[in-house]
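Q: First residue of the sequence shown: 13, per my numbering; consecutive thereafter.
The C-beta atom is built at its ideal place from N, Cα and C for all residues, glycine as well.
Predicted model, so just to flag it, every value in this text is computed and none were measured.
Take a look at the following structure, please.
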Amino acid sequence: MEQSEGKRRQIIDAAVAEFREKGFAGASMDRVSARANVSKRTVYNHFESKDGLFRAILDIMGERANQAFDVAYQRECPIHDQLISLAWAEGQLLTDPDFMKLARMVVGETMRDPDLAAEMNRKMERIAVFQEFLADADAAGALAVPNVERAATQFIGLIKAEAFWPMVFSGEVVSKAEMTKIAEATVDMFLKEYAPT
């Protein structure tokens, strides 16, 4: 990692800690620089403002989320196994302590700022991936999904109800073993509703 990239990472890590502790309004670029053990000038060389720093964190979360969702329906593979893979596309993020640390901090801020919440939603919008997968599976006859948008929301909701929201509030991260159980239970329930008759 180049020195400049290393400094940027230090600043972002420090900003996450600062935003979590003080909130966006109470956070200070002076304290971010002190936490990162870099000069204030170095912070501003990388990020023009506190708002820019916060949005850089949103960008990182969005990029990581989008990288995890390279999932498409494959006609030749069993639908159960593919749905498990789809659940794990979300599960990879939810079992990652670094991602969840960022998510916790961002959720706290977006609850105070509806515009920021809308921006975060746009950057991390993955429902389209689920919808496309389910539409393709429905067209192939592997699933019977009359309302793809609703089914995609239900699928994500089943996972997040156990693996995301409780962890946001508890400060914990779901284990891989527990995520495996959540994925299996989600897929089993989903197939009871949407398996073709």
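1) If you draw a straight line from the C-alpha of residue 156 to the C-alpha of residue 45, how long is it?
2) Would you be able to state if there are at least three C-beta pairs under 8 Å between the segment 29-43 and the segment 115-123?
3) Could you say which of 173, 159, 160, 57 lies nearest to residue 23 if we only look at CA atoms?
4) Can you look up residue 10 in the DSSP assignment and give me helix, strand or coil?
5) Residues in its own chain within less than 7 Å of residue 138 by CB, not counting five upstream and five downstream?
6) Ordered along the chain, which non-local residues of its own chain (more than five positions away) have a Cβ less than 8 Å from that of residue 152?
7) Does the segment 195-205 touch the segment 162-173, meaning 3 or more C-beta pairs lie closer than 8 Å?
8) Using only CA atoms, which one of 124, 158, 175, 15 lies nearest to residue 102?
9) Check for me: the alpha helix (DSSP H) holding residue 178 runs from which residue to which?
10) Excluding the 5 residues preceding and the 5 following residue 55 in the sequence, name in chain order all residues of the same chain whose CB lies nearer than 8 Å to its CB.
11) Answer with buried or exposed for residue 162, where buried requires no fewer than 16 other C-beta atoms within 10 angstroms of its C-beta.
12) Grab me the residues of residue 154's own chain with a C-beta within less than 6 Å of its C-beta, minus the 5 sequence neighbours each way, in chain order.
13) Based on Cα-Cα distance, which residue from 205, 107, 16, 185 lies nearest to residue 160?
14) Here's the rule I'm using: 16 or more other beta-carbon atoms within 10 Å means buried, otherwise exposed. How should residue 75 be labelled?
15) How big is the Cα-Cα spacing for residue 143 and residue 37?
16) Any idea what DSSP makes of residue 208, helix, strand or coil?
17) Is residue 180 near residue 106, with beta carbons less than 8 Å apart?
A: With the structure as the only source:
1) For the purposes of this step, residue 156 is taken as residue 144 along the sequence shown, with counting starting at 1. For the purposes of this step, residue 45 is taken as residue 33 along the sequence shown, with counting starting at 1. Going by the C-alpha atoms only, they are around 54 Å apart.
2) yes
3) For the purposes of this step, residue 23 is taken as residue 11 along the sequence shown, with counting starting at 1. Nearest to residue 23 by alpha-carbon distance, out of 173, 159, 160, 57, is 57.
4) Nothing can be reported for residue 10: it is not among the residues displayed for the chain, which extend from 13 to 209.
5) Here residue 138 is taken as the residue at index 126 of the sequence shown, counted from 1. Here the set comprises 77, 81.
6) Walking along the sequence shown from the start, residue 152 turns up at place 140. For residue 152, where only same-chain residues beyond five positions count, the Cβ hits under 8 Å are 85, 87.
7) yes
8) For the purposes of this step, residue 102 is taken as residue 90 along the sequence shown, with counting starting at 1. Residue 102 has its Cα closest to that of 175, out of 124, 158, 175, 15.
9) Your numbering for residue 178 matches position 166 in the sequence shown. 177-182 is the span of the alpha helix (DSSP H), which, as asked, contains residue 178.
10) Translated into the one-based positions of the sequence shown, residue 55 becomes position 43. Taken in chain order, the residues that qualify are 23, 41, 44, 45, 48, 65.
11) As a working note, residue 162 is residue 150 in the sequence shown. Burial call: exposed.
12) As a first step, residue 154 is located in the sequence shown; it is residue number 142 there, counting from the start. Around residue 154: 91.
13) Your numbering for residue 160 matches position 148 in the sequence shown. Here the closest residue by C-alpha is 205.
14) Against the sequence shown, residue 75 aligns to sequence position 63. Residue 75 is exposed by the Cβ-count criterion.
15) By one-based count along the sequence shown, residue 143 stands at place 131. By one-based count along the sequence shown, residue 37 stands at place 25. Roughly 37 Å separates the two Cα atoms.
16) On the sequence shown, residue 208 is found 196 positions in, with the first residue counted as 1. Residue state, collapsed to three classes: coil.
17) For the purposes of this step, residue 180 is identified with residue 168 of the sequence shown, where counting begins at 1. For the purposes of this step, residue 106 is identified with residue 94 of the sequence shown, where counting begins at 1. No, the Cβ-Cβ distance between residue 180 and residue 106 is not below 8 Å.
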